[in-house]
Amino acid sequence: MSERRVAVCGGGIFRPDIWRGENAEEGVAIAYRDMLDSMPGFDPFDIDALMMSYFSDHLNQQLCMGWIIQDYLGLHNKPGYRVEAGGSTSLDAIANAYYMIRSGLFDVILVPGWEWMSEVDTATTNMMIASAADTDWDFTVGGYYNAYYASLEVRHMQLYGETCEDLGKIAIKNHNAATHNPYAQWRMEHGKSYITLDDYWKSRLVCWPYRTLNNALISEGAACLLLAAEDRVKRYTDSPMWITGVGLGTDSMRPGDRLADFPFASFRDQAAIYPDFVKRPKTPYPEMANFGSMHVAALRAYAQAGITDPLKEIDIAELFTPYDGVELCFYEDLGFCGRGQGKDVVREGLCEYGGELPVTLSGGLTAQGHPVGATSLYQTIFLYYQLAGKMKKKYGPDALQVKGARKGLLTGHGGTACQGGVIVFERD
Amino acid sequence: MEKKKNNQPAKKSELKKEQTPKKYTNYPSIVDHSSEAQAKWAPWVRQGLWDIKGYRIVKGPAGGGTIDDSKMNLKEFMVIDRSEACLYSHSYGLVSLFFLGLLHGKLKGTKCPKCGTVYCPPRAHCWNPACKVEETKWIDMPLTGIIHTFTVQCLAAAPFEHMLPFSLGWVQVDGADTAICTMLHIPYKDMFIGQKVRMEFKPQKERKGDLMDMYAVAIPGQELPAWAVLQRDKQQLKMLDEATSATSRFIKNRYGLDNSNRGW
Ligand SMILES: [Zn+2]
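Residue numbers (the working numbering), protein chains in the order written: chain Y, 1 to 428; chain W, 1001 to 1264.
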């Protein structure tokens, strides 16, 4: 296997919003131009292949949208295909590009990502997204991701004692961070003022314990990312963001089956503080409280990147958290703290701006926006400018720059973490 | 709308032929309720087929850059309304017996003869990697179990909206190693993880052989534990009361249904 390194060399943004007038290929083209503007040394003829990142065919009545995108950019004689894995789509597209370059077969890969999610009404969008759940067994009852994730959170809450206020604090952290992001959908909707716990309690209860402020946005938007091999990087950027670890994981389609989750049977130590008043399932981890696919993905990524204490060693993380309880659980599954201690991370402010490991300063899925195929690309671009120390250049004078950040972490997952991945980035 | 000149009604014999489509020509249908469904939904599918029904002109922010950049760059966009409807004939496969069981008010599971794992929902093949997708055997499940986890919904996807507010949860049926997603006809004030429940069925005439035929009710006489997640925080119970009342009012306005007195 080739030992050469792979870097993210930059990217471009077509900002997410509840509705965008441009159609997908135009949005991607505008994001691509945004990338080209930031990369004077880049020549479109350098591109060896494209990884098209988009999630849904239902939402837009268009199969093979990737072909439209590739030809619209004038890049249609190059190798290219779609990567699709629900919410994990955009992270997996990056991972795939990384594998291809690392293999030595390709040098420069463009990853265009997009999603147009407002062509049908919100209830229909939710219904179509929920069809990524098992349509014979889960979708037929209530049919709504919000409800599935709320049920998972209630289980974790019962076992480990976090409160609704803890979930509110995460919502406030991410929304207030998004007011510093001039591409964030929340800032478009709400403006630049901060919200408080009072605003949180007033926001509509959707599926207990989740309120609207805890939930991912519905968005239309696009982004482009450029990845290149070590010997090609200098042409495009003086601040490459190296990919030093990529870990992927999977779990059952139906969360209810995770009570007898044989591939995770050896993770018993991960549930050491199981309260004795609750019946223990056949396999105690992750059952319906945590996210096993993300745990194994993190272990794999950390092993490659040589990370043993993520909370101390990682400087900034962009987590893919469609619901805020997921962020709290991920603190545990990603090893920022021990099992059941996610609530302490919230209460001690360890993952706030200025804390030990700032998490999701972009605003993330709930405040920056969540056009699925572009979401992890936005978060990667955000990390790129963070590690380059150039936040203010791209995100304006009031952007939140983590000073001296060297190592960044990205997660992405689909379904109820049926599939997920973790990527570690480092700068020179 | 009188345009019959160019659109002559079909002859009776042709019409009859069209109305009785044979979907699985090589295989006999033992029970067939699909013709009723076809008769009801075929016209709806035809009406909803891919077609442009209307348009709007929308003036909105355009272009790249930040929020401020695109707010300064307003453009007119033409937005069309295009429909799409279909009716899927989907097989429940080797676990069809489970859904047939629901029609008869019975709960079925499967058991792996190698490792003994009991599946409810059933799997036709064991997923324990050590068992190498061994075929499972059908067993009858008891109609009792415990709540593994739950949520209270004030919003639902379109097909379930009229039933709001309601609780959904996962029940581990007694003897099963996995949990099944089901509706909980239990007031959230009394609900807790670990609560013993009984599975009940809708009246026979209303059953469709899908999971919504079945729901869980609380087995009476259980003490509500102080550690229960909703008992730890009385403020949340109060907020839930307000939210579910508002939801019931919304449903009454939209559907004319009073869901506030169902007792769950
Ligand atoms: Zn087995």
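Glycine included, every Cβ here is placed at the ideal spot set by N, Cα and C.
Quiz item: For ligand 1, is there a heavy atom less than 7 Å away from the beta-carbon of Glu1134 of chain W?
Solution: Residue numbering aside, residue 1134 of chain W sits at position 134 when the second sequence is read from its first letter. The answer is yes for Glu1134 of chain W.
Quiz prompt | Coil, strand or helix - Cys9 of chain Y by DSSP | solution = Along the first sequence, read from residue 1 onward, the residue named residue 9 of chain Y stands at position 9. In this structure, Cys9 of chain Y counts as strand in the three-state DSSP scheme.
Quiz item: Hey, would you say the C-beta of Thr179 of chain Y is under 7 Å away from at least one heavy atom of ligand 1?
Solution: As a first step, residue 179 of chain Y must be located in the first sequence, where it is residue number 179. Result no, Cβ not under 7 Å from ligand 1.
Quiz item: Any heavy atom of ligand 2 within a distance shorter than 7 Å of the CB on Lys282 of chain Y?
Solution: With respect to small molecules bound, the structure shown includes ligand 1 and not ligand 2.
Quiz prompt | 9 Å Cβ cut-off: residues of chain W touching Asn60 of chain Y | solution = In the first sequence, the residue the question calls residue 60 of chain Y occupies position 60. Result: empty, since nearest Cβ-Cβ is about 10 Å, beyond 9 Å.
Quiz item: Per DSSP, Gln1172 of chain W is paired with what?
Solution: Taking the second sequence and counting its residues from 1, the one referred to as residue 1172 of chain W is at position 172. Paired residues: W:Ile1146.
Quiz item: For ligand 1, is there a heavy atom less than 7 Å away from the beta-carbon of Asn1128 of chain W?
Solution: Here residue 1128 of chain W refers to the residue found at position 128 of the second sequence. Under cutoff, so the answer is yes.
Exercise. Going by DSSP, name the residue or residues bridged to Tyr81 of chain Y.
Key: Taking the first sequence and counting its residues from 1, one reaches residue 81 of chain Y at position 81. Note: Tyr81 of chain Y sits in a beta bridge opposite Y:Met51.
Exercise. Within its chain, find whatever has a CB closer than 8 Å to the CB of Asp48 of chain Y; leave out the 5 residues flanking it on each side and keep chain order.
Key: In the first sequence, residue 48 of chain Y corresponds to position 48, counting from 1. Excluding positions up to five away in sequence, the list reads Lys78, Pro79, Phe106, Asp107, Val108, Ile109.
Quiz item: Within the present structure, is the beta-carbon of Thr1110 of chain W separated from the nearest heavy atom of ligand 1 by less than 7 Å?
Solution: Residue 1110 of chain W sits at position 110 when you count from the first residue of the second sequence. Not under cutoff, so the answer is no.
Exercise. Verify the CB distance criterion: does Tyr144 of chain Y have a CB-CB separation below 8 Å to chain W?
Key: Within the first sequence, the letter at position 144 stands for residue 144 of chain Y. It does; some Cβ of chain W falls within 8 Å.
Quiz item: Are Asp1051 of chain W and Arg1082 of chain W closer than 8 Å when you measure CB to CB?
Solution: Counting from 1 along the second sequence, the entry for residue 1051 of chain W is found at position 51. Counting from 1 along the second sequence, the entry for residue 1082 of chain W is found at position 82. Contact: yes.
Quiz item: At least one CB of chain W closer than 8 Å to the CB of Lys202 of chain Y: is that the case?
Solution: Along the first sequence, one-based indexing puts residue 202 of chain Y at 202. It does not: the Cβ of Lys202 of chain Y has no partner Cβ on chain W nearer than 8 Å.
Quiz item: Can you name the start and end residues of the beta strand (DSSP E) that Arg1056 of chain W belongs to?
Solution: As a working mapping, residue 1056 of chain W is identified with position 56 in the second sequence. It spans 1051–1061 - the beta strand (DSSP E) in which Arg1056 of chain W sits, taken as one unbroken run.
Exercise. Find the nearest neighbour of Tyr274 of chain Y within the set Y:Ala265, Y:Pro182, Y:Tyr285, judged by alpha-carbon distance.
Key: On the first sequence, position 274 is the one that residue 274 of chain Y refers to. Closest by alpha carbon: Y:Tyr285.
Self-check item: Under 8 Å (Cβ pairs) to chain Y, residues found in the segment 1150–1181 of chain W
Solution: Phe1150, Thr1151, Val1152, Gln1153, Cys1154, Leu1155, Ala1156, Ala1157, Ala1158, Pro1159, Phe1160, Glu1161, Phe1166, Leu1168, Gly1169, Trp1170, Gln1172, Asp1177, Thr1178, Ala1179, Ile1180, Cys1181
Quiz item: Cβ of Lys1071 of chain W within 7 Å of any heavy atom in ligand 1?
Solution: Here the question's residue 1071 of chain W lines up with position 71 in the second sequence. No; taking the cut-off as 7 Å, the Cβ of Lys1071 of chain W has no heavy atom of ligand 1 nearer than that.
Quiz item: What are the partner residues of Gln1153 of chain W, as DSSP defines its beta bridges?
Solution: By 1-based counting over the second sequence, the position of residue 1153 of chain W is 153. Answer by DSSP bridge pairing, in chain order: Y:Cys207, W:Phe1166.
Quiz item: Taking 8 Å as the CB-CB cut-off, is Met1072 of chain W touching chain Y?
Solution: Stepping through the second sequence from its first residue, residue 1072 of chain W is reached at position 72. For Met1072 of chain W, the answer is no, since every Cβ of chain Y falls outside 8 Å of its Cβ.
Quiz item: First and last residue of the beta strand (DSSP E) that includes Thr237 of chain Y?
Solution: If you number the first sequence from 1, residue 237 of chain Y lands on position 237. Looking at the DSSP string, Thr237 of chain Y is not in any beta strand (DSSP E), and its letter there is neither H nor E.
Practice problem: Go ahead and pull the three-state DSSP assignment for Gln1204 of chain W. | Solution: Against the second sequence, residue 1204 of chain W aligns to sequence position 204. Three-state DSSP puts Gln1204 of chain W in a helix.
Practice problem: Please find out if some non-hydrogen atom of ligand 1 comes closer than 7 Å to the beta-carbon of Lys1114 of chain W. | Solution: For the purposes of this step, residue 1114 of chain W is identified with residue 114 of the second sequence, where counting begins at 1. Lys1114 of chain W Cβ: within cutoff of ligand 1.
Quiz item: Helix, strand or coil for His76 of chain Y per DSSP?
Solution: For the purposes of this step, residue 76 of chain Y is taken as residue 76 along the first sequence, with counting starting at 1. Correct three-state label for His76 of chain Y: coil.
Quiz prompt | Interface residues of chain Y facing Glu1200 of chain W [CB-CB closer than 8 Å] | solution = As a working mapping, residue 1200 of chain W is identified with position 200 in the second sequence. Simply none; closest approach about 15 Å.
Quiz item: When the Cα of Ile423 of chain Y is compared with those of Y:His175, Y:Lys407, Y:Leu361, which residue comes out closest?
Solution: Here the question's residue 423 of chain Y lines up with position 423 in the first sequence. When each option's Cα is compared against that of Ile423 of chain Y, the closest is Y:Lys407.
Self-check item: Contacts that Trp1227 of chain W makes with chain Y (C-beta to C-beta distance below 7 Å)
Solution: Within the second sequence, numbered from 1, the residue matching residue 1227 of chain W stands at position 227. Per Cβ cutoff of 7 Å: Phe277.
Exercise. Name, in chain order, the residues that DSSP records as bridge partners for Phe14 of chain Y.
Key: The count along the first sequence starts at 1 and reaches residue 14 of chain Y at position 14. Looking at the DSSP assignment, Phe14 of chain Y forms a beta bridge with Y:Ala222, W:Gly1065.
Quiz prompt | Ile195 of chain Y (DSSP reduced to helix, strand or coil) | solution = As a first step, residue 195 of chain Y is located in the first sequence; it is residue number 195 there, counting from the start. Three-state result, Ile195 of chain Y: coil.
Self-check item: DSSP state of Ile316 of chain Y mapped onto helix, strand, coil
Solution: The count along the first sequence starts at 1 and reaches residue 316 of chain Y at position 316. Correct three-state label for Ile316 of chain Y: strand.
Quiz item: Is the CB of Gln158 of chain Y under 8 Å away from at least one CB in chain W?
Solution: For the purposes of this step, residue 158 of chain Y is identified with residue 158 of the first sequence, where counting begins at 1. It does; some Cβ of chain W falls within 8 Å.
Practice problem: Pair every Cβ in the segment 198–205 of chain Y with every Cβ in the segment 142–152 of chain Y, then say whether three or more of these pairs are closer than 8 Å. | Solution: no
Quiz item: Exposed or buried, what is Asp448 of chain Y when buried is set at 16 or more other beta-carbons lying within 10 Å of its beta-carbon?
Solution: As displayed, chain Y neither begins before 1 nor continues past 428, which places residue 448 of chain Y out of reach and without an answer.
Practice problem: Return the residue from the list Y:Tyr323, Y:Ala132, Y:Met128, Y:Gly41 that minimises the CA-CA distance to Thr212 of chain Y. | Solution: Here residue 212 of chain Y is taken as the residue at index 212 of the first sequence, counted from 1. Closest by alpha carbon: Y:Tyr323.
Quiz item: Is Glu119 of chain Y near Trp242 of chain Y, with beta carbons less than 8 Å apart?
Solution: Within the first sequence, the letter at position 119 stands for residue 119 of chain Y. Within the first sequence, the letter at position 242 stands for residue 242 of chain Y. Their beta carbons are not under 8 Å apart, which means Glu119 of chain Y does not touch Trp242 of chain Y by this criterion.
Quiz item: Starting from Pro1043 of chain W and walking both ways along the alpha helix (DSSP H), at which residues does that stretch end?
Solution: What you label residue 1043 of chain W is simply residue 43 of the second sequence in a count that begins at 1. That run of the alpha helix (DSSP H) goes 1034–1048.
Quiz item: From this set, Y:Thr283, Y:Thr135, Y:Ala177, which residue's C-alpha is nearest Ser362 of chain Y's C-alpha?
Solution: Locating residue 362 of chain Y in the first sequence gives position 362, where the first residue counts as 1. Cα-wise, what sits closest to Ser362 of chain Y is Y:Ala177.
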